[in-house]
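Data block below; observations after.
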Amino acid sequence: MSNPPQIELRGVERVFQLGDSQVHALRRLDVSIAPGEYVAVMGPSGSGKSTLLNLIGLLDRPNAGLYLLEGRDVTTLSPDEQARVRSERIGFVFQSFHLVPRLTAAENIALPLTLAGIAPRERAERVALALADYGLEARADHRPDQLSGGQRQRVAIARATVMQPAVILADEPTGNLDRATGEEVIRLLEQLNGRGVTLIIVTHDPNLGNRARRQLLMEDGELRHDSALEGAAK
Amino acid sequence: MSAIRRSRHPPMRAPDLIRFARDAAMGNLLRTALLVLSVAIGVAAVVVLTALGDGARRYVVNEFSSLGSNLVIVLPGRSETGGFNPANAITSTPRDLTINDAQALLRGTAIRRLAPLLVGTSEISVDGKLREVMVAGTTTQFIQVRNLAIAQGRFLPDEDWERGSAEAVIGATIRDELFGPEPALGKLVRIGDRRFRIVGVLKASGQGLGMNSDELVIVPVALAQAMFNSNTLFRILIESRSREDIPAAKAQAEEIIKQRHDGELDVTVITQDAMLATFDRLLGVMTMGVAGIAAISLAVAGILVMNVMLVSVAQRTAEIGLLKALGATGSAIRLTFLAEAAMLSLAGAVVGFVLGHAGAALIRHLYPTFPAYPPAWAVLAGLATALASGILFGVTPARRAAALDPIQALSKR
Numbered sequence: 002m003s004n005p006p007q008i009e010l011r012g013v014e015r016v017f018q019l020g021d022s023q024v025h026a027l028r029r030l031d032v033s034i035a036p037g038e039y040v041a042v043m044g045p046s047g048s049g050k051s052t053l054l055n056l057i058g059l060l061d062r063p064n065a066g067l068y069l070l071e072g073r074d075v076t077t078l079s080p081d082e083q084a085r086v087r088s089e090r091i092g093f094v095f096q097s098f099h100l101v102p103r104l105t106a107a108e109n110i111a112l113p114l115t116l117a118g119i120a121p122r123e124r125a126e127r128v129a130l131a132l133a134d135y136g137l138e139a140r141a142d143h144r145p146d147q148l149s150g151g152q153r154q155r156v157a158i159a160r161a162t163v164m165q166p167a168v169i170l171a172d173e174p175t176g177n178l179d180r181a182t183g184e185e186v187i188r189l190l191e192q193l194n195g196r197g198v199t200l201i202i203v204t205h206d207p208n209l210g211n212r213a214r215r216q217l218l219m220e221d222g223e224l225r226h227d228s229a230l231e232g233a234a235k
Numbered sequence: 143m144s145a146i147r148r149s150r151h152p153p154m155r156a157p158d159l160i161r162f163a164r165d166a167a168m169g170n171l172l173r174t175a176l177l178v179l180s181v182a183i184g185v186a187a188v189v190v191l192t193a194l195g196d197g198a199r200r201y202v203v204n205e206f207s208s209l210g211s212n213l214v215i216v217l218p219g220r221s222e223t224g225g226f227n228p229a230n231a232i233t234s235t236p237r238d239l240t241i242n243d244a245q246a247l248l249r250g251t252a253i254r255r256l257a258p259l260l261v262g263t264s265e266i267s268v269d270g271k272l273r274e275v276m277v278a279g280t281t282t283q284f285i286q287v288r289n290l291a292i293a294q295g296r297f298l299p300d301e302d303w304e305r306g307s308a309e310a311v312i313g314a315t316i317r318d319e320l321f322g323p324e325p326a327l328g329k330l331v332r333i334g335d336r337r338f339r340i341v342g343v344l345k346a347s348g349q350g351l352g353m354n355s356d357e358l359v360i361v362p363v364a365l366a367q368a369m370f371n372s373n374t375l376f377r378i379l380i381e382s383r384s385r386e387d388i389p390a391a392k393a394q395a396e397e398i399i400k401q402r403h404d405g406e407l408d409v410t411v412i413t414q415d416a417m418l419a420t421f422d423r424l425l426g427v428m429t430m431g432v433a434g435i436a437a438i439s440l441a442v443a444g445i446l447v448m449n450v451m452l453v454s455v456a457q458r459t460a461e462i463g464l465l466k467a468l469g470a471t472g473s474a475i476r477l478t479f480l481a482e483a484a485m486l487s488l489a490g491a492v493v494g495f496v497l498g499h500a501g502a503a504l505i506r507h508l509y510p511t512f513p514a515y516p517p518a519w520a521v522l523a524g525l526a527t528a529l530a531s532g533i534l535f536g537v538t539p540a541r542r543a544a545a546l547d548p549i550q551a552l553s554k555r
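Residue numbers (the working numbering), protein chains in the order written: chain Z, 2 to 235; chain A, 143 to 555.
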């Protein structure tokens, strides 16, 4: 790998306190991801894949270890600085979409722009562009409960990309969708990756995982297998 | 290649913040309506209760003013306020306050006019109709001193105070009850065991603090003394030359009476202003007290705002987590919740303001003589308290929302 890594985790640990017992969600994890990679994180539930995604998305902090995002240590940033990084560099796509029910599709897509204090005129332009990109023009004024599952996830993806992030983090993005719609959603995400956005998908669906160019297999908070290291290891 | 920009992240724009908070509030209409109502009731209570309190104050002040202007009143007997007076120990019974005393007071340079007053109850009868009445014995200037007006005929003539002709002036109610539609002027009536000719009827005026002039029969003071077999006067009503002369008139009245009563001040001289000031202060304090009680209901409404906002935070954890994932800072989340609390309080304050004024207007409509206007300070204080308590009690929920762990918030469905 000649490119400097975009995401670099060194010896990252995450321990949860559950009553008296400690649960090691992540144990001394070392991962590097280059810009523009397409990575699938797989493993059984409880293996730590979601925790890994949350750490990369700066929604969580490691108990130990170092996280460099684009060469900068982001674990020591203040919560507000982390919020800014999330706003500008990272887009989230969730299994259950997480659309705000009282807002229309267009307003949901505009939410990250609104939170970033972007002027209404520019906001409207970028939302219109996003609606067109994802074929949602006719649905702009519909509320989430008036949209199909696939449309909802398309709104969520439009929302995740409207700030033009460098990294898209998707947690079981097809988990609540039927096969055909799931396929369509994955194609959208892959198109984004094709334009250079780093795509990290958490899934337990092997078909989905195998479409990625790189697979990370998690088990018991440890990285069991990294397809990128296959050649070197064998 | 650090693509993480160092530029300052602009905060959420104010119109966006307000729209977001408004949408959040409208998302749960019942909750919002109840909250607005609770604040509104508090503000309305402040407005209505202070309108009542201040209305009572104004009412009393008006009543006092209608008694007459620049009034100084002499009462027999000393109401002891200056501690023990050895003179009182020797002469325990005060001297009578007589007609001659009243006449002597006319010497006072600050005194424009005066009227002695003797009051008692008796019976008035005409053509077999009998009625118990309050009889006031006085002199011709009573009508000016007391600010009364004549509807028919004339008032008592200006004559020797010691004698007095057998003439009477009656109040409007008495006239109606005794004579109905027939003319009353010139009629002979029997009051007690004496006969009087009716020479005038007073204009209906309503109240006059304890003495309703509509139900009064006025006769010359000397005849009243004979009727009630009494030498002492009930009051001497003095009108000073001007408002500035009130203290001088009071001092002169005390001096003259003291001279006439062997150097002993055995009367009490009070001014209308002093009474007025006392009532004004008393009722002002009462209004403040009532406003304070009403303000407590506002504080309760504030606590309600806090509870409802806390529940709202709990219900919207997923949304808060999402906002954080989308790059909302803690302060942005705090602000949206604070804006919502402030908006609800403001709406409640406005609704309460309108309701309170409507209530005060209704009271004025039902009791036209009662000036139930809320004082401006109370209205402003009520609105300010509502807003302040809403925002103050909105801080805790807003903080809690901002401190939520986004992962747990997001995982909660």
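Glycine included, each C-beta is placed from N, C-alpha and C at the ideal position.
Out of I388(A), G328(A) and V331(A), which one is the CA nearest neighbour of T251(A)?
Locating residue 251(A) in the second sequence gives position 109, counting from the first residue. That would be I388(A), whose Cα lies nearest to the Cα of T251(A).
F195(A) and G494(A) look like a contact to me (Cβ under 8 Å); what is the Cβ gap, rounded to whole Å?
Against the second sequence, residue 195(A) aligns to sequence position 53. Against the second sequence, residue 494(A) aligns to sequence position 352. Here the sequence assigns Gly to residue 195(A), which means Phe is not the residue at that position. With a Cβ gap of about 17 Å, G195(A) and G494(A) do not count as contacting.
Is it buried or exposed for F17(Z), if we count other Cβ within 10 angstroms and need 16 for buried?
Numbered from 1 along the first sequence, position 16 holds the residue referred to as residue 17(Z). Within a 10 Å sphere around the beta-carbon of F17(Z) sit fewer than 16 other beta-carbons, which makes this residue exposed.
Apart from the five residues just before and just after M164(Z), which ones in its own chain have a Cβ nearer than 8 Å to its Cβ?
Residue mapping note: residue 164(Z) aligns to position 163 of the first sequence, counting from 1. Taking C-beta separations shorter than 8 Å and ignoring five residues to either side along the sequence, the partners of M164(Z) in its chain run S88, E89, G92, P113, L114 and A117, following chain order.
With 7 Å as the limit, tell me which residues of the stretch 20-47 of chain Z have their beta carbon closer than that to any beta carbon of chain A; keep them in chain order.
none
When you compare each of N204(A), I340(A) and D238(A) to R220(A) by their alpha carbons, which one comes out closest?
The sequence position of residue 220(A) within the second sequence is 78, counting from 1. Taking only the C-alpha atoms, the option nearest R220(A) is D238(A).
Would you kindly work out how many angstroms separate the C-alpha atoms of A157(Z) and D134(Z), rounded to a whole number?
Walking along the first sequence from the start, residue 157(Z) turns up at place 156. Walking along the first sequence from the start, residue 134(Z) turns up at place 133. Those two C-alpha atoms are separated by around 13 Å.
D31(Z) lies in the beta strand (DSSP E); which residues open and close that run?
The residue you call residue 31(Z) lines up with position 30 of the first sequence. Counting along the chain, the beta strand (DSSP E) containing D31(Z) begins and ends at S22 to I34.
Counting pairs of beta carbons, one from the stretch 137-144 of chain Z and one from the stretch 200-214 of chain A, are three or more of them closer than 8 Å?
no
Please report whether the beta-carbon of R87(Z) lies at a distance below 9 Å from any beta-carbon of chain A.
Your numbering for residue 87(Z) matches position 86 in the first sequence. With 9 Å as the cut-off, R87(Z) counts as an interface residue toward chain A.
Let's test the definition: count the other Cβ atoms within 10 Å of the Cβ of G224(A) and tell me whether it reaches 16, buried, or not, exposed.
Sequence index remark: in the second sequence, residue 224(A) carries index 82 (1-based). Because G224(A) sits at a pLDDT of 48, beneath the cut-off of 50, its placement in the model cannot be relied upon, and the point is left open.
Any beta carbon from chain Z within less than 9 Å of E205(A)'s own beta carbon?
Working through the second sequence from its first residue, we reach residue 205(A) at position 63. It does not; no Cβ of chain Z falls within 9 Å.
What number of angstroms, rounded off, separates the C-alpha of E309(A) from the C-alpha of I398(A)?
Taking the second sequence and counting its residues from 1, the one referred to as residue 309(A) is at position 167. Taking the second sequence and counting its residues from 1, the one referred to as residue 398(A) is at position 256. Straight-line Cα distance between these residues: approximately 31 Å.
Could you tell me the distance, in whole angstroms, from the CA atom of I360(A) to the CA atom of M428(A)?
Locating residue 360(A) in the second sequence gives position 218, counting from the first residue. Locating residue 428(A) in the second sequence gives position 286, counting from the first residue. Taking the straight line from one Cα to the other gives about 37 Å.
Please list, in chain order, all residues of the same chain as A163(A) whose beta carbon is under 6 Å from its beta carbon, the five residues on each side excluded.
Taking the first residue of the second sequence as position 1, residue 163(A) is located at position 21. So the list reads T478, A481, E482 and M485, once near-sequence residues are dropped.
Output the distance between the C-alpha atoms of P145(Z) and E223(Z), rounded to the nearest integer angstrom.
Numbered from its first residue, the first sequence carries residue 145(Z) at position 144. Numbered from its first residue, the first sequence carries residue 223(Z) at position 222. Going by the C-alpha atoms only, they are around 37 Å apart.
Say whether chain A places a C-beta atom closer than 9 Å to the C-beta of D81(Z).
Counting from 1 along the first sequence, the entry for residue 81(Z) is found at position 80. At least one chain A Cβ lies under 9 Å of D81(Z).
Mind the definition here: the stretch 204-217 of chain Z touches the stretch 36-43 of chain Z only if three or more C-beta pairs lie below 8 Å; say whether that holds.
yes
DSSP three-state label for A106(Z), please.
As a first step, residue 106(Z) must be located in the first sequence, where it is residue number 105. Helix.
Examine chain A for any beta-carbon lying closer than 9 Å to the beta-carbon of D61(Z), and answer yes or no.
By 1-based counting over the first sequence, the position of residue 61(Z) is 60. Interface residue, yes.
For the alpha helix (DSSP H) containing S88(Z), list its first residue and its last residue.
Position 87 of the first sequence, counting from 1, holds the residue named residue 88(Z). Taken as a continuous stretch (DSSP letters only), the alpha helix (DSSP H) holding S88(Z) covers P80 to R90.
Rounded to whole angstroms, what is the Cα-Cα separation between A246(A) and E406(A)?
One-based indexing of the second sequence puts residue 246(A) at position 104. One-based indexing of the second sequence puts residue 406(A) at position 264. Going by the C-alpha atoms only, they are around 16 Å apart.
In three-state terms, what does DSSP make of S267(A)?
As a first step, residue 267(A) is located in the second sequence; it is residue number 125 there, counting from the start. In the structure shown, S267(A) sits in a strand (DSSP, three-state: E or B).
Of all the options Q367(A), R458(A), A395(A) and T192(A), which has the alpha carbon lying nearest to the alpha carbon of R103(Z)?
Indexing the first sequence from 1 puts residue 103(Z) at position 102. The shortest C-alpha separation from R103(Z) is found at R458(A).
On a CA-only basis, which of L172(A), N242(A), T192(A) and A156(A) is nearest Q401(A)? Give me that one, please.
If you number the second sequence from 1, residue 401(A) lands on position 259. Nearest C-alpha to Q401(A): N242(A).
Among the candidates R339(A), V343(A), R336(A) and D302(A), whose CA atom is the shortest distance from the CA of E319(A)?
Numbered from 1 along the second sequence, position 177 holds the residue referred to as residue 319(A). The candidate whose alpha carbon is nearest that of E319(A) is V343(A).
Between A107(Z) and the rest of its own chain, which residues show a CB-CB distance below 6 Å, the 5 nearest in sequence each way excluded?
The residue labelled residue 107(Z) in the question sits at position 106 within the first sequence. These residues qualify, in order along the chain: V128 and A141.
Let's see if you can read the secondary structure: which residues bound the alpha helix (DSSP H) around H403(A)?
Along the second sequence, read from residue 1 onward, the residue named residue 403(A) stands at position 261. Unbroken run through H403(A): none, as it is neither H nor E.
With DSSP as the reference, label S553(A) as helix, strand or coil.
Your numbering for residue 553(A) matches position 411 in the second sequence. S553(A): helix per DSSP, three-state reduction.
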